[in-house]
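Protein chains in written order, with our numbering: chain X, 719 to 1157; chain P, 719 to 1157; chain H, 719 to 1157.
Cβ atoms here follow ideal geometry from the backbone N, Cα and C, with glycine treated the same way.
As the structure is a prediction and not an experimental result, all values here were calculated from the model.
Each remark here refers to the structure printed beneath this line.
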Amino acid sequence: MNRSFSPPQSGADVPPFDLHAFVRQVFPYPRSITGDGVRATIRAIAEHVPVTIVEVPSGIPVLDWTVPDEWNIRSATISKLSGEVLVDFRGNTLHVVGYSEPVHRIVSREELAQHVHTLQDQPDVIPYRTGYYARDWGFCLSHNHWMTMNDDAYRVTIDSSRGPGSLTYGELFLPGSTPDEILISVHVCHPSLANDNLSGIAVATALAVREMTRAERRLGVRFLFLPATIGAITWLARNEEQTSQIRAGLVLTCVGDEGAFHYKQSRSGSTIDQAVAHVLGHAGVPFEILPFSPYGYDERQYGSPGFDLPIGCFMRSVHGTFPEYHTSLDNCEFVKAKALDESYRMVAQVLDLLQGNICFRRVDGRGEPQLGRRGLYRAIAGQREGGGSTQSDLLWFLNLADGRHSVLDIAERSRIPFSRIQHAAYRAYEANLVVMEDP
Amino acid sequence: MNRSFSPPQSGADVPPFDLHAFVRQVFPYPRSITGDGVRATIRAIAEHVPVTIVEVPSGIPVLDWTVPDEWNIRSATISKLSGEVLVDFRGNTLHVVGYSEPVHRIVSREELAQHVHTLQDQPDVIPYRTGYYARDWGFCLSHNHWMTMNDDAYRVTIDSSRGPGSLTYGELFLPGSTPDEILISVHVCHPSLANDNLSGIAVATALAVREMTRAERRLGVRFLFLPATIGAITWLARNEEQTSQIRAGLVLTCVGDEGAFHYKQSRSGSTIDQAVAHVLGHAGVPFEILPFSPYGYDERQYGSPGFDLPIGCFMRSVHGTFPEYHTSLDNCEFVKAKALDESYRMVAQVLDLLQGNICFRRVDGRGEPQLGRRGLYRAIAGQREGGGSTQSDLLWFLNLADGRHSVLDIAERSRIPFSRIQHAAYRAYEANLVVMEDP
Amino acid sequence: MNRSFSPPQSGADVPPFDLHAFVRQVFPYPRSITGDGVRATIRAIAEHVPVTIVEVPSGIPVLDWTVPDEWNIRSATISKLSGEVLVDFRGNTLHVVGYSEPVHRIVSREELAQHVHTLQDQPDVIPYRTGYYARDWGFCLSHNHWMTMNDDAYRVTIDSSRGPGSLTYGELFLPGSTPDEILISVHVCHPSLANDNLSGIAVATALAVREMTRAERRLGVRFLFLPATIGAITWLARNEEQTSQIRAGLVLTCVGDEGAFHYKQSRSGSTIDQAVAHVLGHAGVPFEILPFSPYGYDERQYGSPGFDLPIGCFMRSVHGTFPEYHTSLDNCEFVKAKALDESYRMVAQVLDLLQGNICFRRVDGRGEPQLGRRGLYRAIAGQREGGGSTQSDLLWFLNLADGRHSVLDIAERSRIPFSRIQHAAYRAYEANLVVMEDP
């Protein structure tokens, strides 16, 4: 095959826009699994990349599920009968349980208590609750706030609507030179929670900008911005054929806090697991690799037995293990610009690795080639050299360039960073010592 | 396939009879590899389960061996010439070397010394010795006793007979709904040694009673009560065709002492190894897994290269590693009722696991099923849940129910006890989310 | 098949000649990748074994390389203009950079400095340098010596010649009863360096003497004495067909120092790796197993992707890790007679293992054979025996003699030394319990 092979790109770089500013921008939008908050969020993404907004009508069957009614909310308050507003959705979107039915009533404190959610062990924070299929209404308050509300009755208003409409998601596909593709998926259904998952949305958007400028894109890259669970299921139902082209993928979530990196492996093991472990292992950062498990984010759906896609989940702190998780403390202060940028760089390196992870084959694999006459060897032999030198990188590459080892395989076996083996590959390729193999 | 699937049985229970009383009952019977002691022992088993007594005539070739002459012993003594009896077989069957020839003579102490076995390093105990093919006679005494016997001559009598007869073993087969079967094998040839192996006989008999009451027995279960080595070889020779149906098996021995559990793996690795390790690993008891080795009990014969059956050896203390082994200290006091009962419960769990270890396949494996509309999900999402909850069990099961993972495979991968995954399987099966796969 | 099976040979023995004396004998010869020094060295080997001296003309293409011009050197000095000789090649062959061009001139100190190599961090030693393809000239001196040479000019003479001639290597092939073969390869191109690699040459020569006397040589054994890199490439180019018969092989180097043993595995893993690890593991000596890497000695060429031969590298101290490496300290005092002899014995055991590593199959594998009637079992059973006894060796062998496990496989699984399993095999073979399998 006559493809050309460009010198490898530098993997580390700065995000194309201010990720933290993006998080602050979209933080107040009233997101849920449907509705205008999702649309506003995807429009914010569209300010950076040409994402397509897909609308799927309510009631459409998607795999085992049905696209739900659309829910929108304009305002919600709890007031004293005197008129003083005590709780206001405009102050924090977490105050209303997702998919709450409309209500405009005076209720006794006793009745209200049936609809109020607090966290007794974190009495200062507002919890996050949804009830997509409950046909109920509810408010989330800090426990301390609720403890001060001792009137006999309160006026409650939720100006929401629920009915036939559509489920909204964003999709951007950047085709590659082969039919194979990488999937990057983030959920956009959580309201004012910054780490879970405005951080993922910001990083994915920035990666999309970066990917659009890639000189040679071997693998197509598909970015999905969708409501968790039902969004992934909807996309899978509508793109079942396409899934067979997915060679690797990541769900991005909770990538804005300052915790160590965590990577949850794909269901059946695959190159993506090897790739992320390689990048993290050579990055000099604390990290942990976790085995696949069927709870968490949309890797659950992609890794269901009927699809079993090679998709892992890339995180910093793991959902459910940090106290800010699913509370009002997961806000724009919890997410740090430096952490977002570092997450961006790490995943960018994973994408570079996947794009560059091809196989080479020695034109003549019998013995070592004579490097000296090709200017690839020092003239005076016998000098001591360490195992980590560039000369070693080249020898490792030439030894394992047998058409069966990918660049990543060689990097892993030699314990040399991918980028150095890739550079050695380029030197060998320029010297006509190797050809590229069709994978 | 239209099999029904019953809710899993509770694994832990109490033995159907007093195991320690059984051990005490059969302790005095004069067992050897043939003879009336074996018959009496199997009749004692037959008081609990309908075991078949099989008689194989002496002289019949069995594989590389020949069924030996039958040996019976009625009495044996060493007396002073004055008539005082110093050593009496009725006091302890260990006093006579198995298969001793008859003798009625006055012998010098010097000659007697050639026929006396003692343990100098355990001077208070009677050792256990046999000489099935030696055509000799001998007595086993405590070393201290022997040191007091300083007369010039003694009167020796052994009233034994050896000649054409038969080898006796017990067999009980409980058929299953499939042709596959489990083998439980114990040796019945040791005389008054309680742990090795009246403990194994008692536990196997109790398991047979339990197995007879199993509501749905997927796998047949075969119980063998036979003399070690020659008994197993005889059974194998006569049932060579049947061995191909054996899917798993255990040799039970030394299961009455208070030591930690030990399991010796099968020769080539198999489900039984996985099953026992799983049960012991989740039981909260000390245990050790040992690799296969070709010395020990009848797993040697079942694991010979021409059969290579998936049969391991289940023990508490390991033969040869405890000081009571093969001595008069291996008596009814050494074996404890509590230890016998615990061994019974542990193997019962292994049998339950093997019986329930089937594969399921999701009816539609694409994505997660919508649990909520089936009453399998909490209405309000977003609450924190630990990885060990019932919800997790179900998600693990549904994710790996792909027709390739058995319930045990799922339990092992998720590190969740078998019984909990089995329960999740039942919930999913009842909800028509999965079908059973033919293995 | 009707091969006979001889009782195994004793593995440990004394070398057939004084290895250290051999090292001292050939130490002064002016070796390089071509020339009379190599010829003299191979003639010294030929005093012990009928090695063939192969001459390959300069200019012949060999794989990616070309056989170089032949280089010979008769004398070389640096003198004061007064005539006093300061540096003389006759004192140490390391003084001249290999393949130096002839020179007979008065040069300024400044110009001379461009041609002088020293080691500042080891100021007392002469370094080793070559410049096979540099078309330059140079001297190697101790740094302290060079610091004393402060005259304005010196007289330099190198009486060398370079031109069409040939590359010389030695080869000895001892055929076996099968077409398969073992390759033992050592480099002979280094001048006065004792450990690297006169030690390897001495040990290989002694092994060749030993191999010539082997009673039954199942595998052919080929010994190669050749210049590093270009010699291996030349042999491979001329014997490409033959390489497919190589079942195992070793490059021997640095086997004369007192360091711990090191074995570098073959590129793709093979029996030789298992064999060396087994011998070292049971020898009670300190050792380390290193993964394959594509720098080092001629295992690089044998393990290039187009050949990928099962050849590892056997060493004591590893090149580049000891301060004497590639300096004048790697002399006849650095190499010890005891260390050479021990290396010889270790590799001899590896060769015995490879020669004896065949598969056996039980004539009747169903159950254990009755050892008693064949005189292979003690008459009185029930005695305690340790797992390491001869009885255990035989039981392990008989259990795994299924035609699929080689003697080494059995030794490894049972953790019993090869020689003991081999002995058990002989006992079983003599008793007609097993037959040999064609591999």
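#1: CA-CA distance, residue 1140 of chain P and residue 1114 of chain H?
#2: Decide if residue 799 of chain P is buried, meaning its Cβ has at least 16 other Cβ atoms within 10 Å, or exposed.
#3: Are residue 970 of chain H and residue 918 of chain H close, meaning C-beta to C-beta below 8 angstroms?
#4: On the DSSP bridge assignment, give the partners of residue 941 of chain P in chain order.
#5: Establish whether the CB of residue 988 of chain H and some CB of chain X are separated by less than 8 angstroms.
#6: Need the endpoints of the beta strand (DSSP E) that residue 982 of chain X sits in, please.
#7: Compute the Euclidean distance between the alpha carbons of residue 1108 of chain H and residue 1008 of chain H, then round it to the nearest angstrom.
#8: Strictly below 9 angstroms CB to CB, what residues from chain H border residue 1024 of chain P?
#9: In the DSSP assignment, the beta strand (DSSP E) including residue 792 of chain X goes from what residue to what residue?
#10: How would you label residue 1056 of chain X, buried or exposed, when you count the other beta carbons within 10 angstroms and need 16 or more for buried?
#11: Decide if the segment 778-787 of chain P is in contact with the segment 870-889 of chain P; the criterion is three or more beta carbon pairs, one per stretch, under 8 angstroms apart.
#12: At 8 angstroms on the CB atoms, spell out the chain H contacts of residue 1019 of chain P, in chain order.
#13: CA-CA distance, residue 810 of chain P and residue 1072 of chain P?
#14: Using DSSP with H/G/I as helix, E/B as strand and the rest coil, what is residue 1044 of chain P?
#15: What's the gap between the Cα of residue 908 of chain H and the Cα of residue 749 of chain H?
#16: Here's the rule I'm using: 16 or more other beta-carbon atoms within 10 Å means buried, otherwise exposed. How should residue 1117 of chain X be labelled?
#17: In terms of alpha-carbon separation, which member of P:1144, P:1010, P:1030, P:890 lies closest to residue 943 of chain P?
#18: Given a threshold of 16 other Cβ atoms within 10 Å of its Cβ, counted over all protein chains shown, does residue 832 of chain H qualify as buried or as exposed?
#19: Indicate the three-state DSSP secondary structure (helix, strand or coil) for residue 975 of chain H in the structure shown.
#20: In the DSSP assignment, find the unbroken beta strand (DSSP E) run with residue 872 of chain X in it and report its ends.
#21: Does the segment 1073-1093 of chain X come close enough to the segment 1004-1024 of chain H to have 3 or more Cβ pairs within less than 8 angstroms?
#22: Among X:1082, X:1119, X:1143, X:1135, which one has its Cα closest to the Cα of residue 781 of chain H?
#23: From residue 1131 of chain P to residue 1125 of chain P, what distance separates their C-alpha atoms?
#24: Interface residues of chain P around residue 1117 of chain H at Cβ under 8 angstroms?
#25: From residue 930 of chain P to residue 892 of chain P, what distance separates their C-alpha atoms?
#26: Is the shortest distance between the beta-carbon of residue 839 of chain X and the beta-carbons of chain P less than 8 angstroms?
#27: When the Cα atoms are used, what is the spatial distance from residue 1034 of chain H to residue 852 of chain H?
#28: At what residues does the alpha helix (DSSP H) containing residue 1060 of chain P begin and finish?
#29: Using DSSP bridges, identify the partner residues of residue 1124 of chain X.
#30: Tell me which residues share the same chain as residue 1026 of chain H and place their Cβ nearer than 7 angstroms to its Cβ, disregarding the 5 neighbours each side in the sequence.
#31: Report yes or no: do the segment 746-763 of chain H and the segment 730-738 of chain H share at least 3 C-beta pairs separated by less than 8 angstroms?
#32: Less than 8 angstroms between the beta carbons of residue 1047 of chain H and residue 814 of chain H, yes or no?
#33: Below 8 angstroms between beta carbons: does that hold for residue 1024 of chain H and residue 1080 of chain X?
#34: Helix, strand or coil: how does DSSP classify residue 1008 of chain X here?
#35: Would you report the Cα separation of residue 923 of chain X and residue 916 of chain X, rounded to the nearest angstrom?
#36: Among residues of its own chain, excluding the 5 on either side of residue 903 of chain P, which ones have a beta-carbon nearer than 6 angstroms to its beta-carbon?
Considering the structure as presented:
#1: The sequence position of residue 1140 of chain P within the second sequence is 422, counting from 1. The sequence position of residue 1114 of chain H within the third sequence is 396, counting from 1. When rounded, the distance between both Cα atoms is 39 angstroms.
#2: Indexing the second sequence from 1 puts residue 799 of chain P at position 81. When all chains shown are included, residue 799 of chain P counts as exposed.
#3: One-based indexing of the third sequence puts residue 970 of chain H at position 252. One-based indexing of the third sequence puts residue 918 of chain H at position 200. Against a cut-off of 8 angstroms, the Cβ pair of residue 918 of chain H and residue 970 of chain H comes out as a contact.
#4: As a first step, residue 941 of chain P must be located in the second sequence, where it is residue number 223. Its beta-bridge partners are P:890, P:902.
#5: Reading the third sequence from its first residue, position 270 is the one you call residue 988 of chain H. It does not; no Cβ of chain X falls within 8 angstroms.
#6: The residue labelled residue 982 of chain X in the question sits at position 264 within the first sequence. Taken as a continuous stretch (DSSP letters only), the beta strand (DSSP E) holding residue 982 of chain X covers 979-982.
#7: Position 390 of the third sequence holds residue 1108 of chain H. Position 290 of the third sequence holds residue 1008 of chain H. Near 33 angstroms, if we compare the C-alpha coordinates of residue 1008 of chain H and residue 1108 of chain H.
#8: The residue given as residue 1024 of chain P occupies position 306 in the second sequence. By Cβ distance, chain H contributes 1080, 1082, 1083, 1084, 1085, 1120.
#9: Against the first sequence, residue 792 of chain X aligns to sequence position 74. 788-798 is the extent of the beta strand (DSSP E) around residue 792 of chain X.
#10: Taking the first residue of the first sequence as 1, we reach residue 1056 of chain X at position 338. Residue 1056 of chain X is exposed by the Cβ-count criterion.
#11: yes
#12: On the second sequence, residue 1019 of chain P is found 301 positions in, with the first residue counted as 1. Those within 8 angstroms of residue 1019 of chain P in chain H are 1085, 1086.
#13: Residue mapping note: residue 810 of chain P aligns to position 92 of the second sequence, counting from 1. Residue mapping note: residue 1072 of chain P aligns to position 354 of the second sequence, counting from 1. Those two C-alpha atoms are separated by around 40 angstroms.
#14: Within the second sequence, numbered from 1, the residue matching residue 1044 of chain P stands at position 326. Coil, per DSSP.
#15: The residue you call residue 908 of chain H lines up with position 190 of the third sequence. The residue you call residue 749 of chain H lines up with position 31 of the third sequence. Using only the alpha carbons, I get a separation of about 6 angstroms.
#16: As a working note, residue 1117 of chain X is residue 399 in the first sequence. Residue 1117 of chain X should be labelled buried.
#17: Taking the first residue of the second sequence as position 1, residue 943 of chain P is located at position 225. Taking the Cα of residue 943 of chain P as reference, the smallest distance to any Cα among P:1144, P:1010, P:1030, P:890 is reached at P:890.
#18: As a first step, residue 832 of chain H is located in the third sequence; it is residue number 114 there, counting from the start. The residue is exposed, with fewer than 16 neighbouring Cβ atoms inside 10 Å.
#19: Here residue 975 of chain H is taken as the residue at index 257 of the third sequence, counted from 1. Residue state, collapsed to three classes: coil.
#20: In the first sequence, counting from the first residue as 1, residue 872 of chain X sits at position 154. It spans 871-881 - the beta strand (DSSP E) in which residue 872 of chain X sits, taken as one unbroken run.
#21: yes
#22: Stepping through the third sequence from its first residue, residue 781 of chain H is reached at position 63. That would be X:1082, whose Cα lies nearest to the Cα of residue 781 of chain H.
#23: Numbered from 1 along the second sequence, position 413 holds the residue referred to as residue 1131 of chain P. Numbered from 1 along the second sequence, position 407 holds the residue referred to as residue 1125 of chain P. Those two C-alpha atoms are separated by around 10 angstroms.
#24: As a first step, residue 1117 of chain H must be located in the third sequence, where it is residue number 399. Chain P residues near residue 1117 of chain H: 985, 1012, 1018, 1021, 1022, 1023.
#25: Here residue 930 of chain P refers to the residue found at position 212 of the second sequence. Here residue 892 of chain P refers to the residue found at position 174 of the second sequence. Going from the Cα of residue 930 of chain P to the Cα of residue 892 of chain P covers about 7 angstroms.
#26: Taking the first sequence and counting its residues from 1, the one referred to as residue 839 of chain X is at position 121. Not an interface residue.
#27: Taking the first residue of the third sequence as 1, we reach residue 1034 of chain H at position 316. Taking the first residue of the third sequence as 1, we reach residue 852 of chain H at position 134. If you take the alpha carbons of residue 1034 of chain H and residue 852 of chain H, they lie about 32 angstroms apart.
#28: Along the second sequence, read from residue 1 onward, the residue named residue 1060 of chain P stands at position 342. 1055-1074 is the span of the alpha helix (DSSP H), which, as asked, contains residue 1060 of chain P.
#29: By 1-based counting over the first sequence, the position of residue 1124 of chain X is 406. Paired residue(s): X:1077.
#30: For the purposes of this step, residue 1026 of chain H is identified with residue 308 of the third sequence, where counting begins at 1. Cβ within range, chain order: 985, 986.
#31: no
#32: Along the third sequence, read from residue 1 onward, the residue named residue 1047 of chain H stands at position 329. Along the third sequence, read from residue 1 onward, the residue named residue 814 of chain H stands at position 96. Not in contact: residue 1047 of chain H and residue 814 of chain H (Cβ atoms no closer than 8 angstroms).
#33: To locate residue 1024 of chain H, count along the third sequence from 1; it is residue 306. To locate residue 1080 of chain X, count along the first sequence from 1; it is residue 362. For residue 1024 of chain H and residue 1080 of chain X, yes; Cβs fall inside 8 angstroms.
#34: For this step, residue 1008 of chain X is matched to residue 290 along the first sequence. Residue 1008 of chain X falls in the strand class under three-state DSSP.
#35: Indexing the first sequence from 1 puts residue 923 of chain X at position 205. Indexing the first sequence from 1 puts residue 916 of chain X at position 198. Those two C-alpha atoms are separated by around 10 angstroms.
#36: Along the second sequence, one-based indexing puts residue 903 of chain P at 185. Here the set comprises 942, 969, 1016.
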